[in-house]
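Asks: Residue numbers (our numbering): 40 to 169. Shown below is the structure under consideration.
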């Protein structure tokens, strides 16, 4: 029993195989196009989100710089107020006078402080000296 293959069968199978390859190519081409469109859409979305995030962080950064500048100005103003505080100057002067040997009445008259303040400054300086 010998079976012979018809001459058109290899050609037919080859044509079917080529047809299947072409169909597969078309299907893959559509899938690639869909993926490309999806990827482009996602990249555009991510680009917009990145732009929004960057803009927001730049705004926060600018506000932070402004706050730091204001803090620096406030610190300078506070330091200046501390240095120009008349009460502090009076107490520093009273402490210096106690070191020079001034008594409580001299402190009251020279520095313009009350008797209890003068006594306190005198006692503190004498305690530090001891």
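Even glycine gets a Cβ: it sits at the ideal position worked out from N, Cα and C.
Would you identify the three-state DSSP class for residue 94, choosing helix, strand or coil?
Replies: Working through the chain shown from its first residue, we reach residue 94 at position 55. Reduced to three states, the DSSP call for residue 94 is helix.
Asks: DSSP on residue 100, reduced to helix/strand/coil?
Replies: Looking up residue 100 in the chain shown gives position 61. Correct three-state label for residue 100: helix.
Asks: Using a 10 Å radius around the Cβ and a threshold of 16 neighbouring Cβ atoms, would you call residue 157 buried or exposed?
Replies: The residue given as residue 157 occupies position 118 in the chain shown. The residue is buried, with at least 16 neighbouring Cβ atoms inside 10 Å.
Asks: Do you know how far the Cα of residue 86 is from the Cα of residue 78?
Replies: Indexing the chain shown from 1 puts residue 78 at position 39. Indexing the chain shown from 1 puts residue 86 at position 47. Roughly 12 angstroms separates the two Cα atoms.
Asks: Measure the alpha-carbon distance for residue 61 versus residue 83 and round it to whole angstroms.
Replies: Along the chain shown, one-based indexing puts residue 61 at 22. Along the chain shown, one-based indexing puts residue 83 at 44. Roughly 33 angstroms between the two C-alpha positions.
Asks: Would you give the residue range spanned by the alpha helix (DSSP H) that residue 145 belongs to?
Replies: Stepping through the chain shown from its first residue, residue 145 is reached at position 106. 143-150 is the extent of the alpha helix (DSSP H) around residue 145.
Asks: Check whether the Cβ atoms of residue 133 and residue 146 sit closer than 7 angstroms, and answer yes or no.
Replies: Numbered from 1 along the chain shown, position 94 holds the residue referred to as residue 133. Numbered from 1 along the chain shown, position 107 holds the residue referred to as residue 146. Cβ distance < 7 angstroms, so residue 133 and residue 146 count as in contact.
Asks: Compute the Euclidean distance between the alpha carbons of residue 100 and residue 153, then round it to the nearest angstrom.
Replies: The count along the chain shown starts at 1 and reaches residue 100 at position 61. The count along the chain shown starts at 1 and reaches residue 153 at position 114. Between residue 100 and residue 153, the C-alpha separation is close to 51 angstroms.
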